[in-house]
Amino acid sequence: MKILVAEDDRVSLRILEKNIGDWGYDIVVAGNGDQALRKIGDGNVRLAILDWMMPGMNGLEICKHIRQNNGSNYIYIILLTSRDRSQDILEGLEAGADDYMTKPVNFLELRARLKTGWRIVELEDKLLESNRKLKDLASRDSLTSLWNRANIMKFLEENMERCKREKQPVSTIMVDIDEFKRTNDTCGHFAGDIVLIQVAKRLERCLRKYDKIGRYGGDEMLIVLPGCGLKEAGDIAERLRLVVDGEKVNTPAGGLDISITLGCSSSAGFSRPTPETLVQASDAALYRGKKQGKNCVVTG
Amino acid sequence: MNKAKKPHGTSSPIDMEDALARIGGDEDFLRELLELYVEDFTSRFSLLDKAVRGGDLKTVAEIGHTIKGSSANLSLPFLQEQAFELEKAGKTGDLSKARTGLAALGTEFRKLKVYMATRAD
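Protein chains in written order, with the working numbering: chain B, 78 to 377; chain A, 2 to 122.
Below, the structure written as structure tokens:
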């Protein structure tokens, strides 16, 4: 996080640069308005001290520009002015400045004001971070930490639209844990939960980074494979089947042999595919797999 | 508007105490800043001279304003005052006042250079 100081007078800029640097802040400088805009565009600037009078874009205009092109992070702005008429102060604050100081700058005062600005920027960051966490929490299944049904369906919908434009197929795999009800009944729900978590982990680890998996229902998981045809989806599904079948799942009830059945379908098989029809087709394939004796992959 | 603060009982072009307070008492840094000031002043002064000759009072006001600010930063009260006179002359469109202001600004600048040369010895 950096402080930008934009000031066309070199003497004033040097004094500001030295003092602010001595106070321990990371600082970038600009000698005119256009330079200032470029430095802001580079990102990382969270607090800007802008001189009102500058050649090119002046402080007031930069201020308006920052507020109109508001990026993801709030930039706290202090305007420097040799004017102290209340009309000018009002104009500055209306343009989006958070604070103003008259020149020559009183450095004790500037230091205190920077502290205030910094505190606000940090508060804003904390707020954004907790918003992000909350959003993430709301989009995930609390047991497996996989995406929840609404989120995986949204991902499917978005990717079907994108892939349609790019003339690419999208495939889905519906996964179901075999004999899950019996595991719950004989080993207890706690062991059942662990099975679910462990299977989810193994599957997730096995996917490409642009593929996504979500918990669809009780022990059903939906995998979305953008840009992937039916044959490739079948190969991926077989790999997933083996990763679960190949190793016991450790639970408090002991190591359990767990298997999964997977049903695959691809948008290429439909004239007008929708997320629902694609998921239904995967579900039907899964059902056929269950009938065929489980622990297998069915495509189509 | 900030009034030019004159150093007590002396005609020194710079209010040393005031200037040093602004930069944490660092005399070497003050010297560096004064050199920067002189460099900038010299180029601004020639632009100012051209503007006065050409009767470009808008530019006179602008440069006067800039020199005023720069001088205030280094606690150069006489230069600040003369620069302000020029800014006012530019704003009110008073060309003859701009001419005398320019000469007075030049005189104050020479005093600063003499002062700096003496201090350097």
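All residues carry an ideal CB built from backbone N, CA and C; glycine is no exception.
Mind listing the chain A neighbours of residue i? Cutoff is C-beta to C-beta under 8 Å, in chain order.
i         : result
Val88(B)  : Leu34, Leu37, Tyr38, Asp41, Ser71, Asn74 and Leu75
Lys180(B) : Asn3, Gly70, Ala73 and Asn74
List the residues of chain B whose Cβ lies closer than 7 Å to the Cβ of residue i, in chain order.
i         : result
Thr119(A) : Within 7 Å Cβ-Cβ: nothing; Thr119(A) doesn't reach chain B, min ~21 Å.
Thr67(A)  : Asp86
Could you give the DSSP three-state label for residue i: helix, strand or coil?
i         : result
Tyr177(B) : strand
Ser248(B) : strand
Pro303(B) : strand
Ser359(B) : helix
Cys341(B) : strand
Arg349(B) : coil
Gly10(A)  : Confidence at Gly10(A) is low in this model, with a pLDDT of 48, below 50, so its placement is unreliable and the value that follows should be read with caution. The answer is coil: DSSP assigns Gly10(A) none of H, G, I, E or B.
Glu297(B) : strand
Leu157(B) : strand
Arg285(B) : coil
Lys325(B) : coil
Asp270(B) : helix
Leu124(B) : strand
Met2(A)   : Its pLDDT being 43, under 50, Met2(A) is placed unreliably by the model, and the measurement read from it follows with that caveat. Reduced to three states, the DSSP call for Met2(A) is coil.
Ala330(B) : coil
Thr376(B) : strand
Asp41(A)  : helix
Leu81(B)  : strand
Trp224(B) : strand
Ile166(B) : helix
Buried or exposed, going by whether 16 or more other CB atoms sit within 10 Å of the CB of residue i?
i         : result
Glu88(A)  : buried
Gly10(A)  : Model confidence at Gly10(A) stands at a pLDDT of 48, short of 50, so the residue's coordinates are unreliable and nothing is read from them.
Thr263(B) : exposed
Lys286(B) : exposed
Phe267(B) : exposed
Glu18(A)  : exposed
Leu103(A) : buried
Val88(B)  : buried
Met298(B) : buried
Gln369(B) : exposed
Asp103(B) : exposed
Gln145(B) : exposed
Asn96(B)  : buried
Quick one: which chain A residues come within Cβ less than 7 Å of residue i?
i         : result
Arg91(B)  : Leu34 and Leu37
Ser159(B) : Gly70
Lys95(B)  : Ile24 and Phe30
Could you tell me how far apart the beta carbons of residue i and residue j are, in whole angstroms, since I believe they sit closer than 8 Å?
i         : j         : result
Thr338(B) : Cys373(B) : 6 Å
Lys135(B) : Gly108(B) : Here the sequence assigns Asn to residue 135(B), which means Lys is not the residue at that position. Rounded, the Cβ-Cβ distance is 13 Å, inconsistent with contact.
Gly340(B) : Met251(B) : 5 Å
Trp129(B) : Leu170(B) : Contact doesn't hold; Cβ gap of about 12 Å is too wide.
Thr376(B) : Leu333(B) : Actually they do not touch by this definition, with Cβ atoms about 27 Å apart.
Arg188(B) : Asp176(B) : Going by Cβ atoms, the distance from Arg188(B) to Asp176(B) rounds to 13 Å, so no, they are not a contact pair.
Leu380(B) : Leu317(B) : Because chain B here runs from 78 to 377, residue 380(B) falls outside it and cannot be looked at.
Tyr38(A)  : Leu75(A)  : 6 Å
Gln81(A)  : Ala73(A)  : 5 Å
Kindly list, in the order they appear in chain A, the residues whose Cβ is closer than 9 Å to that of residue i.
i         : result
Asp99(B)  : Gly25
Met130(B) : Glu63, His66, Thr67 and Gly70
Phe184(B) : Ala22, Arg23, Ile24 and Gly25
Got a sec: is the Cβ-Cβ distance from residue i to anything in chain E below 9 Å?
i         : result
Thr158(B) : Judged by its chain identifiers, the structure shown contains no chain E, and its protein chains are B and A.
_Counting only Cβ-Cβ distances shorter than 9 Å, please list the residues of the segment 12-39 of chain A near chain B, keeping chain order._
Only Ala22, Arg23, Ile24, Gly25, Asp27, Phe30, Glu33, Leu34, Leu35, Leu37 and Tyr38 from the segment 12-39 of chain A bring a Cβ to less than 9 Å from some Cβ of chain B.
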